[in-house]
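A.B. asks: Following my numbering, the numbering of the sequence shown begins with 340 at its first residue and continues without gaps.
Each residue gets a CB set at the ideal place from its N, CA and C atoms; glycine is no exception.
In this text, all values refer to a predicted model and were calculated from it rather than measured experimentally.
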Amino acid sequence: MTVTITIQQPTGEKIGSFIAEDNRSISQMAEKNNIDIPVSCCQWACYVCACKVKWGNKYIQIDKIMPPAILPERDTEGNFKEIMTCVGGIKSEYIKDQENHEVILEKLI
340 MTVTITIQQP
350 TGEKIGSFIA
360 EDNRSISQMA
370 EKNNIDIPVS
380 CCQWACYVCA
390 CKVKWGNKYI
400 QIDKIMPPAI
410 LPERDTEGNF
420 KEIMTCVGGI
430 KSEYIKDQEN
440 HEVILEKLI
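#1: Taking the straight line between their C-alpha atoms, what separation do you get for ASP375 and PHE419?
#2: Measure from the alpha carbon of VAL449 to the alpha carbon of each residue in ASP414, ASN372, ASN373, then state which is nearest.
#3: Only counting the same chain, and skipping five residues up and downstream in sequence, which positions put a Cβ closer than 7 angstroms to that of ASN450?
#4: Are the CB atoms of CYS385 and ILE365 nearer to each other than 9 angstroms?
#5: Could you check the C-alpha separation between LYS403 and GLU352 for me, to the nearest Å?
#6: Where does GLY458 land, buried or exposed, given buried means 16+ other C-beta within 10 angstroms?
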């Protein structure tokens, strides 16, 4: 059915939400939905787009568009704690299944 992605500030304040699309990065989807996530690929400021994964890390694919330049840290269960939104997205199987899923990301900057 859907994967809803919610972006929030480090304070927990909700910035906005949108429905995930396949074959798009989180930053591309956020921009399409008027949510600002800074991206500085190839400008020597890698990691400004990183977000902490607060909920739904099993739905995250860190290399949806291409491999990340910096590999994020994992939690004790092996899930990634952060995602570089410029290259990361949602795993296709969750977008195409019959369930509703939620991902909550917290901006680091």
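C.D. replies: In short:
#1: Indexing the sequence shown from 1 puts residue 375 at position 36. Indexing the sequence shown from 1 puts residue 419 at position 80. Going from the Cα of ASP375 to the Cα of PHE419 covers about 22 angstroms.
#2: Any property of residue 449 remains undetermined from this structure, which presents the chain solely from 340 to 448.
#3: Residue 450 cannot be examined here, being either before or after the span of the chain that is shown, 340 to 448.
#4: As a working note, residue 385 is residue 46 in the sequence shown. As a working note, residue 365 is residue 26 in the sequence shown. Cβ distance not < 9 angstroms, so CYS385 and ILE365 don't count as in contact.
#5: Working through the sequence shown from its first residue, we reach residue 403 at position 64. Working through the sequence shown from its first residue, we reach residue 352 at position 13. Going by the C-alpha atoms only, they are around 27 angstroms apart.
#6: This structure does not reach residue 458, given that the chain is present from 340 up to 448, and the question cannot be answered.
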